[in-house]
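Chemist:
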Amino acid sequence: MAEPVIENQTHHHVFRRLMGYLKLDKKSLTLAILLLIIATGADVLGPIIMKVFIDGYLTKRYFPTAPLVLLAVAFIAAYGVSALFHYYQMVLFQKVALNIIQKMRVQVFSKVQHLGLTFFDQTPGGSLVSRITNDTEAIKELFVSVLSAFLSSGVTMIGIFAGMFFLDVRMALICLVLMPFILFLMWWYGRLSSAVYRVTRAKLSQLNAKLNESLQGMAIIQAMRQEKRLRDEFGRINEAHKVSRLKNVKLNALMLRSAVYSVYLLGLILILSFFGIQSFAGVVSIGVLYAFVNYLDRFFDPVNQIMQQLTLYQEAMVSAERVFGLLDDKRMAPIQIGQHSPKIHEGKVEFRDVSFSYDGKTDVLKHISFTANPGETVALVGHTGSGKSSIINLLMRFYSIDRGEIVIDGAPLTAFTNEELRRRVGLVLQDSFLFVGDVASNIRLSRSVSEADVREAANFVQADAFIEKLPQQYQEAIGERGATFSSGQRQLLAFARTMTLKPKILVLDEATASVDTETEEAIQLALSKMRQGRTTIAIAHRLSTIQDADQILVLHRGEIVERGNHQTLLEKHGLYYQMYQLQHGADQEKVVHR
Amino acid sequence: MRIFYNLGWFFKQEKYRYILGVLFLMVSSALSLIPPYVVGVLVDGIRKRSLNPLLLSEWIGFLILIGIIYYFTGYIWRQFIFGTSVLLGQQLRNTLYRHFTKLSPDFYQKHRIGDLMAHATNDINAVQQAAGDGILTLVDSITMGAMVILTMVVMINWKLTIIALLPMPVMALLTMHYGNLLHKRFGVAQEAFSDLNDKVQENVSGVRVVKAFGEEEAQIESFRVASKDVVAKNMAVAKVDALFDPTITLIVAICFFLALIFGSRYVILGTMTLGQLTSFTLYLGQLVWPMLAFGFLFNTVERGSASYDRIQRLLAIQPVIVSKEGASAVTPSGDVCYTIPDFRYPGSPDSVLQAIDFTIHQGETLGIVGKTGAGKTTLLRLLLREFDLQDGRIEIGGTSIDAVTLEALRRAIGYVPQDHILFSATLSENIAFARPEASQEEIERVARLANIHEDILNFPDGYATVVGERGVTLSGGQKQRISIARALLADPEILIFDDSLSAVDARTEVAILQALKKERHNKTTMIAAHRLSAVEHADLILVLADGRIAERGTHDQLLANQGWYAEMYAHQQLESLVSEGGRSNG
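Chains as they are written, first to last, in the UniProt record's numbering: chain A, 1 to 594; chain B, 1 to 586.
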């Protein structure tokens with residue numbers, strides 16, 4: 001019993017927080033509700049006008065022109081007002097809802113921008129994207145459909161009851177008997193459908209995941225002759241999905257319109273019995289009876305509407321919980337500590353006894369200390385998982401460290417503003433990421449870099465040769481992830497992007513994936529040019545590219561096991577020597593004999 | 001309406017469900033005509049003071065009965081009509097999936113997975129809706145509409161019916177028009193949303209670049225613009241969407257108005273009772289739905305039709321690569337012999353391979369090197385018959401590869417692709433992909449061969465670790481080694497490595513190659529690589545340049561050849577030796 005209570009509490013909490021967003025646009029919301037009330041008032045007026053007509057004139061066969069024309073005008077006017085105000089009310093509700101969602105989206109997106117890499121490491125990209133877009137879209141449904149449906153249905157129901165009470169208090173009280181039935185039906189359906197609905201959604205996402213994965217891996221499925229097995233697996237998921245969909249259909253068939261219609265009939269029976277029994281004793285107003293039947297007819301539209309929005313409501317609540325979870329995430333990106341804001345002039349980098357762990361359990365770096373003097377190149381080598389990338393990640397302040405210290409030009413890394421750090425420390429990543437846009441915008445990003453500087457940077461890294469061969473040159477469009485460019489070209493563009501910064505410190509993560517040799521040469525040339533006059537921390541996979549480094553750190557399982565320059569390291573005959581031998585295995589004798 | 005003809009096969013297949021469904025739907029509609037009639041009778045009874053308790057209770061009892069029957073018929077037709085449409089969705093999905101598994105690689109080259117997914121989800125939904133809501137609205141708008149109007153004409157007053165219904169067609173036309181408008185604007189809004197999605201996707205994939213360049217604020221700003229655009233496009237939708245209800249309210253009010261004005265005249269003239277007028281206005285209310293349904297029908301049907309056509313177009317695509325008639329089912333084995341004068345991809349004017357001619361003996365290793373785009377991957381994929389040759393032949397053990405069934409050919413070949421594709425299943429299941437029945441020992445054995453066993457043991461759940469789940473990320477090298485293990489488990493006659501060692505380090509590469517050599521006795525291996533070290537020990541190395549064999553021979557022969565290979569090899573070596581030597585000398 002304890003669990004549902006807790007669930008309910010978080011449910012209430014999520015709901016309250018969602019409703020908090022309504023405050024963002026109080027004015028429009030108030031106006032929308034006002035319009036809704038006027039429109040509903042006009043709605044309720046209709047049957048009353050008819051009642052006046054029937055009881056006052058029709059049954060009495062009394063037809064004076066002026067009052068009847070007035071009545072006719074009032075009738076048309078009431079519906080005209082209703083239509084007009086309902087229209088603006090609905091548009092306004094949509095506007096409020098869409099604006100709320102837009103603000104919520106920006107809020108979530110901004111939050112994600114300021115989350116640390118720890119968060120990104122632990123969150124699959126797909127699900128993150130889905131939270132920012134799809135989950136907020138589901139919440140949009142809450143504000144757009146559910147909220148306006150609930151509000152307008154509620155107001156309509158209240159309006160109708162007001163009309164009923166105005167016409168006949170006793171009959172209205174009897175009609176109130178219907179409310180518990182309706183509320184019970186809603187509550188019960190909500191309960192049952194949320195369970196069924198959740199299963200259906202889960203099955204659907206399984207189905208789509210299976211399909212997506214199969215399409216991506218079709219070459220493998222076919223090459224390994226697993227078509228039949230996969231078809232069977234897909235068929236099973238499809239079957240399970242069908243079963244839960246059928247449950248959904250069944251539940252809706254049992255509890256939606258048919259059930260609501262039964263309650264409607266119950267109401268009709270109540271009204272007819274009441275007036276019927278009254279008629280045995282005395283005169284009954286046919287007009288009132290007419291108006292009640294008419295009201296009853298309209299009363300059930302909002303009920304149907306609410307019932308149909310219930311599943312949306314549940315979905316929105318689940319989504320909201322996920323979105324709020326993201327908004328409350330504590331894994332923020334490291335930020336500046338203190339007000340000092342030092343500047344980077346020289347580019348001297350020091351690691352002082354730095355140890356680091358991503359998960360708080362296993363250390364990926366142990367007691368790392370080294371100094372890169374201004375203009376020097378420090379190369380990091382080691383096997384996959386030796387900790388090379390972690391050193392770079394820490395130097396970029398992607399993660400905060402708790403043991404040891406990183407110092408740039410005498411000031412701790414944590415003391416710099418983000419802006420200073422990003423401007424002075426240029427990173428070139430293994431996989432060169434390109435944004436949708438054009439060549440120039442990819443080099444420039446959002447910074448105010450002049451056209452000339454863009455060209456100069458491209459020229460400097462020798463990317464100009466291939467850029468100028470493009471039909472649109474610097475304005476050449478770049479599609480999704482720069483798929484039309486070779487990986488070598490993408491790297492050169494990334495180089496140019498970094499060089500527009502003219503950074504003091506260069507951080508390089510050499511690409512592992514092999515590029516064809518010619519491009520490789522251009523890349524190496526560009527790299528050596530870039531390194532000139534800059535402190536460089538570089539991860540190298542090909543030892544050949546770092547032989548002129550001032551210092552080579554050989555990492556093994558998070559520790560620096562050897563350090564020195566190429567020559568001294570080779571003479572040591574240690575790990576570096578071995579790695580070198582492996583890369584140049586065939587010619588090892590030549591190396592040894594030299 | 002073509003969709004109903006197109007779906008004829010399904011309606012035929014499920015004819016009993018549909019016949020019963022439609023029947024019960026019609027009964028249901030007919031039943032809903034009774035309560036307004038009863039109201040009319042009772043109003044007249046009350047007015048004329050002819051109603052007595054017995055009569056009242058009889059009518060009430062009758063209403064209760066109607067209510068019960070209506071509830072059950074309503075349940076039954078929903079089960080039949082909507083339930084059956086769910087079956088259609090399931091069936092189409094299975095058909096489409098089966099079709100996907102048969103299509104050849106050229107199909108997957110031409111189609112984006114996102115589009116194919118859309119066919120399997122949105123389009124199937126739209127067709128399913130046509131078979132559910134479409135049938136409902138078709139039957140309801142016609143039968144219910146006809147029944148209500150008929151009742152009004154026959155039971156009450158035909159003249160009043162015509163007068164009161166005059167505005168109704170306007171409503172049907174308007175709602176249909178809104179529907180079309182809505183559909184168009186909705187498409188635009190969806191596009192804006194998908195742009196927003198792309199924006200986020202890009203941002204998340206490029207998070208390191210965003211952070212390294214301090215681009216966070218700029219990203220937020222451009223997201224803000226994109227999200228505002230979504231709002232604007234959705235407002236355009238809302239402005240149409242909000243038209244439906246007021247239009248209906250207004251037109252129904254006009255109908256009511258006409259009914260009351262003219263109805264009152266008939267009441268005064270005595271051709272109609274007040275009770276009948278009451279029933280009449282209630283019937284008017286019941287006409288709203290059939291009119292609306294008529295509008296919905298057109299939209300549902302139009303969307304369903306378009307979607308059905310798209311699905312059919314997909315299903316009509318024939319796999320290009322199929323087993324030839326009379327092909328042998330015996331697994332081919334023996335020397336692999338290529339004779340390809342010219343190969344170009346279907347529909348492309350450029351030739352990818354030219355004058356390819358070589359034989360690799362059973363048990364030997366072939367190395368293929370060359371620049372990106374030289375044709376290495378194409379050369380390997382041709383052996384798998386991912387594409388068929390227009391010219392020339394490839395033989396295994398003297399049998400042309402199209403003389404055996406696709407199944408037999410694929411049984412002979414193990415393929416480790418360039419891009420490592422793993423499935424969301426446990427690591428064990430991934431390695432045992434080609435042989436799901438393989439024992440854990442076998443799985444671990446190949447994992448050791450591929451140098452991935454230790455890595456796997458370090459994962460939280462070892463071999464039971466599920467790929468792609470939270471927290472577990474495999475590096476490129478690990479994925480590559482798992483796909484190597486996966487190919488090894490099948491112990492194929494011919495093993496193909498398509499640049500499959502690019503993400504593993506040099507030491508691991510050597511270990512894997514050595515293990516392979518020991519393990520694969522008398523079995524053929526083909527390795528395409530960028531790194532020359534991967535092919536050094538091959539029995540035959542082909543150097544491809546622009547789709548031609550530029551050089552061939554063993555490592556030593558090629559070195560002696562003094563060509564591209566030797567140059568490349570020397571290049572790597574010399575570069576290091578010169579700088580090292582230079583330093584040691586100076």
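Where a beta carbon is used, it is the ideal one built from N, C-alpha and C, also for glycine.
Answer yes if the stretch 211 to 229 of chain A comes into contact with the stretch 52 to 68 of chain B, meaning at least three C-beta pairs across the two stretches below 8 Å, and no otherwise.
Modeler: No contact exists between the stretch 52 to 68 of chain B and the stretch 211 to 229 of chain A.
Chemist: Identify the continuous beta strand (DSSP E) that holds Q551(A) and give its terminal residues.
Modeler: Where Q551(A) is concerned, the enclosing beta strand (DSSP E) stretches over 551 to 556.
Chemist: Checking contacts by CB at 9 Å: is S424(B) closer than that to chain A?
Modeler: Closer than 9 Å to some Cβ of chain A, the Cβ of S424(B) qualifies, so yes.
Chemist: Could you list which residues in chain A have their beta carbon closer than 8 Å to that of Y108(B), in chain order?
Modeler: Neighbours of Y108(B) on chain A, chain order: L215, M218, A219.
Chemist: Using 9 Å as the limit for Cβ to Cβ distance, is M157(A) near chain B?
Modeler: Output row for M157(A): interface = no.
Chemist: Answer yes or no: does any C-beta atom of chain A fall closer than 9 Å to that of S307(B)?
Modeler: It does not; no Cβ of chain A falls within 9 Å.
Chemist: Quick test of your reading: L268(A) and P35(B), contact by CB under 8 Å. State the CB separation rounded to the nearest angstrom.
Modeler: The Cβ separation is near 6 Å, so the contact holds.
Chemist: Jot down the residue ranges of each uninterrupted beta strand (DSSP E) in the stretch 441 to 483 of chain B, minimum 3 residues, whole runs only, in chain order.
Modeler: Whole beta strand (DSSP E) segments, 3+ residues: zero.
Chemist: Using the Cα positions of Y580(A) and L553(A), report the straight-line distance between them to the nearest angstrom.
Modeler: About 14 Å.
Chemist: Under 8 Å by Cβ, that's how I've got G206(B) and F433(A) pegged, so tell me the actual separation to the nearest angstrom.
Modeler: With a Cβ gap of about 4 Å, G206(B) and F433(A) count as contacting.
Chemist: Taking 9 Å as the CB-CB limit, is F398(A) close to chain B?
Modeler: Yes, F398(A) lies at the interface with chain B (some Cβ there is under 9 Å from its Cβ).
Chemist: If you scan the stretch 53 to 135 of chain A from start to end, which runs of the alpha helix (DSSP H) of 4 or more residues do you find wholly inside it?
Modeler: Listed in chain order, they are 65 to 113, 117 to 122, 125 to 130.
Chemist: For E551(B), count the other beta carbons within 10 Å of its own beta carbon; 16 or more makes it buried, fewer makes it exposed. Which is it?
Modeler: E551(B) should be labelled buried.
Chemist: Report yes if the C-beta distance between G83(B) and L31(A) is below 9 Å; otherwise report no.
Modeler: Going by C-beta atoms, G83(B) is not nearer than 9 Å to L31(A).
Chemist: In the DSSP output, which residue or residues are listed as bridge partners for residue 619(B)?
Modeler: Nothing can be reported for residue 619(B): it is not among the residues displayed for chain B, which extend from 1 to 586.
Chemist: Between residue 587(B) and chain A, is the shortest Cβ-Cβ distance under 9 Å, so that the two count as touching?
Modeler: Beyond the ends of chain B as shown, which are 1 and 586, falls residue 587(B); an answer cannot be given.
Chemist: How is R17(A) classed by DSSP in three states: helix, strand or coil?
Modeler: Helix, per DSSP.
Chemist: For K250(A), return the contacting residues in chain B, with the cut-off set at a CB-CB distance below 7 Å.
Modeler: Within chain B, the residues near K250(A) are Q79.
Chemist: Which residues bound the beta strand (DSSP E) around Y474(A)?
Modeler: Element bounds for Y474(A): n/a, residue is neither H nor E.
Chemist: Under 9 Å between the Cβ atoms of L98(A) and V231(B)?
Modeler: Yes, Cβ-Cβ distance for L98(A) and V231(B) is below 9 Å.
Chemist: Rounded to a whole number of angstroms, what is the C-alpha to C-alpha distance between V301(B) and A30(B)?
Modeler: Computed Cα separation, rounded: 25 Å.
Chemist: Do we get a CB-CB distance below 9 Å when we pair G471(B) with the residues of chain A?
Modeler: Because the pLDDT at G471(B) is just 48, under 50, the model does not fix this residue reliably, and the point stays unresolved.
Chemist: Decide if L250(B) is buried, meaning its Cβ has at least 16 other Cβ atoms within 10 Å, or exposed.
Modeler: Buried, since its Cβ has 16 or more Cβ neighbours within 10 Å.
Chemist: So, does the CB of D241(B) fall closer than 9 Å to a CB anywhere in chain A?
Modeler: Chain A, which has a Cβ nearer than 9 Å to the Cβ of D241(B), makes this yes.
Chemist: In chain order, what residues of the same chain have a beta carbon less than 6 Å from the beta carbon of E589(A), not counting five sequence neighbours either side?
Modeler: Residue placement at E589(A) is flagged as unreliable, the pLDDT there being 37, under the threshold of 50; the coordinate-derived value follows with that caveat. Within the same chain, E589(A) has no close Cβ partners at all.
Chemist: Kindly indicate the opening and closing residues of the alpha helix (DSSP H) around D359(A).
Modeler: Unbroken run through D359(A): none, as it is neither H nor E.
Chemist: What residues in the stretch 221 to 246 of chain A bring their beta carbon closer than 9 Å to a beta carbon of chain B?
Modeler: Answer set for the stretch 221 to 246 of chain A: I221, Q222, A223, M224, R225, Q226, E227, K228, R229, L230, R231, F234, G235, N238, E239, H241, K242, R245, L246.
Chemist: When we look at the beta-carbon of N522(B) and count the other beta-carbons within 10 Å, is it buried (16 or more) or exposed?
Modeler: N522(B) should be labelled exposed.
Chemist: Have a look at D140(B), A130(B), V535(B) and flag the residue whose alpha-carbon is nearest the alpha-carbon of L559(B).
Modeler: Among D140(B), A130(B), V535(B), the Cα nearest to that of L559(B) belongs to V535(B).
Chemist: Strictly under 9 Å for the Cβ-Cβ distance: is V177(A) near chain B by that measure?
Modeler: No - not a single Cβ of chain B is within 9 Å of the one on V177(A).
Chemist: Answer yes or no: does any C-beta atom of chain A fall closer than 9 Å to that of V466(B)?
Modeler: With 9 Å as the cut-off, V466(B) does not count as an interface residue toward chain A.
Chemist: Can you name, in chain order, every residue of its own chain whose Cβ lies under 7 Å from the Cβ of Y313(A), other than the five neighbours on each side?
Modeler: Within the same chain, Y313(A) has close Cβ partners L142, V146.
Chemist: Beta carbon of L506(A), beta carbon of I546(A): below 9 Å?
Modeler: No; because the gap between Cβ atoms is not below 9 Å, this pair is not in contact.
Chemist: Looking at L22(A): is its Cβ nearer than 9 Å to the Cβ of K103(A)?
Modeler: Taking 9 Å as the Cβ cut-off, L22(A) and K103(A) do not qualify as a contacting pair.
Chemist: Cα-Cα, which of D229(B), A403(B), D505(B), F213(B) is closest to R105(A)?
Modeler: Ranking D229(B), A403(B), D505(B), F213(B) by Cα distance to R105(A) puts D229(B) first.
Chemist: Tell me which residue opens and which closes the alpha helix (DSSP H) that A218(B) is part of.
Modeler: A218(B) -> alpha helix (DSSP H) spans 216 to 241.
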